[in-house]
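Visitor: Take the position in the sequence shown, starting the count at 1, then add 7; the result is the number in this note's numbering.
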Amino acid sequence: MILSYFVKGAMAQLMSLLGFLIIMTHMPLINAKVPASASGFFTALFEAAKWDPIPYVDDVFEFIFGYVESSPLSTNFESLGYETTLVTNNLGSLYFLLFFQYIWFFVVILATVLSKRCNRFNNYLERKNYKWNYFVGSLINNYFVIAITATIGISNIKFGFNTPSVALNISNYFCAFHLSLCLFMFILITLLFIKSKAISNGFKNKQLTDEQRFEYFMKLKTFDNKFGVVFEGMKVKNVNLVFGYHYVQMIRAVLMSISVVFMNKVLIAQ
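1. Counting along the chain, where does the alpha helix (DSSP H) carrying residue 111 start and finish?
2. Determine the burial state of residue 147: buried for a count of at least 16 other Cβ atoms within 10 Å of its Cβ, exposed for fewer.
3. By DSSP, does residue 10 sit in helix, in strand, or in coil?
4. Between the Cα of residue 191 and the Cα atoms of 252, 64, 100, 109, which residue gives the shortest distance?
5. Going by beta carbon distance, what residues of the same chain come within less than 7 Å of residue 182, once the five residues before and after it are set aside?
6. In chain order, what residues of the same chain lie with their CB nearer than 7 Å to the CB of residue 186, ignoring the 5 residues before and after it?
7. What is the DSSP secondary structure of residue 78, counted as helix, strand or coil?
8. Could you tell me the distance, in whole angstroms, from the CA atom of residue 78 to the CA atom of residue 67?
9. Classify residue 89 as buried or exposed, calling it buried when 16 or more other Cβ atoms lie within 10 Å of its own Cβ.
10. Using CA atoms only, rank isn't needed, just tell me which of 268, 258, 252 is closest to residue 189.
11. For residue 234, tell me which candidate among 261, 264, 195 has the shortest Cα-Cα distance.
12. Taking the alpha carbon of residue 249 as the reference point, which residue from 193, 262, 99 has its own alpha carbon closest?
13. Is residue 263 buried or exposed, if buried means 16 or more other CB atoms sit within 10 Å of its CB?
14. Closer than 8 Å, CB to CB, is residue 90 near chain C or not?
Shown next, in the form of structure tokens:
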């Protein structure tokens with residue numbers, strides 16, 4: 008029991024550190040000056056950010072969608088791996104991960120609708136925390152990168168059938184899809200907040216019997232198994248803090264994306 012608390016706390020600290028590293032990695036986009044004493048660390052950090060686990064991923068996109076000559080927005084973007092203005096190429100292997108997640112999302116929806124026929128499959132997913140935690144957690148952790156790539160795509164979006172290659176049209180569609188995905192995350196977090204707040208109110212109601220309190224506790228445990236990633240590193244009962252934290256992080260990602268792409272020459276926006 009004690010060990011589980013230490014492990015849970017360590018994982019929460021690790022996720023918090025990863026979120027902080029994402030912001031640090033994108034420091035060149037806001038024209039931040041790196042101290043000379045830390046230049047070696049940041050150089051290694053930027054090289055790690057550019058690493059892609061799937062080799063020749065750009066060649067794969069060229070084979071699937073065709074190739075369009077597209078220059079980066081600036082050398083700062085190029086140094087972090089945003090070497091084009093196409094959403095697919097900038098996401099790299101992360102695009103394939105997101106693609107399979109979209110498929111997984113519809114599989115989960117279908118299994119939920121057909122709960123009676125897929126009862127064993129549903130129980131397995133909930134027991135392994137694969138049903139919603141995996142999908143929601145991945146979107147939360149990748150939200151910043153999705154917002155950046157979608158905003159870069161908007162800056163070079165082109166309409167019509169006279170574009171040099173189908174790759175631009177495909178990138179436009181993915182750009183719009185990723186923007187709708189960002190909006191979907193706001194709605195999803197709101198719905199989770201409403202549900203969690205309704206459950207947590209059971210602990211504050213003094214008129215409930217012990218049996219009713221236990222029932223509320225079991226509902227909260229079920230909710231945690233499904234959406235526990237939303238409360239990662241936070242107090243489960245403090246749903247106001249959870250709601251505010253995720254919204255602040257998402258709004259910060261959107262505002263930073265807009266400022267570094269469309270207002271990169273306006274110092275006050277940085």
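Glycine residues also receive a C-beta, built at the ideal position from the N, C-alpha and C atoms.
Guide: Inspection of the coordinates gives the following:
1. Position 104 of the sequence shown holds residue 111. Start and end: 100-120.
2. Here the question's residue 147 lines up with position 140 in the sequence shown. Buried is the call here.
3. As a first step, residue 10 is located in the sequence shown; it is residue number 3 there, counting from the start. At residue 10, the pLDDT of 44 sits below 50, so the modelled position is not reliable; the number obtained from the coordinates is stated separately. Of the three classes helix, strand and coil, the one that applies to residue 10 here is helix, per DSSP.
4. Looking up residue 191 in the sequence shown gives position 184. When each option's Cα is compared against that of residue 191, the closest is 109.
5. Locating residue 182 in the sequence shown gives position 175, counting from the first residue. Shown here for residue 182: same chain residues with a beta carbon closer than 7 Å to its own, the five before and five after excluded, namely 94, 157, 160, 161, 164 in chain order.
6. For the purposes of this step, residue 186 is taken as residue 179 along the sequence shown, with counting starting at 1. Cβ within range, chain order: 157.
7. On the sequence shown, position 71 is the one that residue 78 refers to. Here residue 78 sits in coil by DSSP.
8. For this step, residue 78 is matched to residue 71 along the sequence shown. For this step, residue 67 is matched to residue 60 along the sequence shown. If you take the alpha carbons of residue 78 and residue 67, they lie about 19 Å apart.
9. Numbered from its first residue, the sequence shown carries residue 89 at position 82. Under this definition residue 89 is a buried residue.
10. For the purposes of this step, residue 189 is taken as residue 182 along the sequence shown, with counting starting at 1. The shortest Cα separation from residue 189 among 268, 258, 252 belongs to 258.
11. Here residue 234 refers to the residue found at position 227 when the sequence shown is read from its first residue. Taking only the C-alpha atoms, the option nearest residue 234 is 195.
12. Counting from one through the sequence shown, the residue named residue 249 turns up at place 242. Of the residues 193, 262, 99, the one whose Cα lies closest to the Cα of residue 249 is 193.
13. Within the sequence shown, numbered from 1, the residue matching residue 263 stands at position 256. So residue 263 ends up on the buried side.
14. Here chain C cannot be found, since the structure has a single protein chain.
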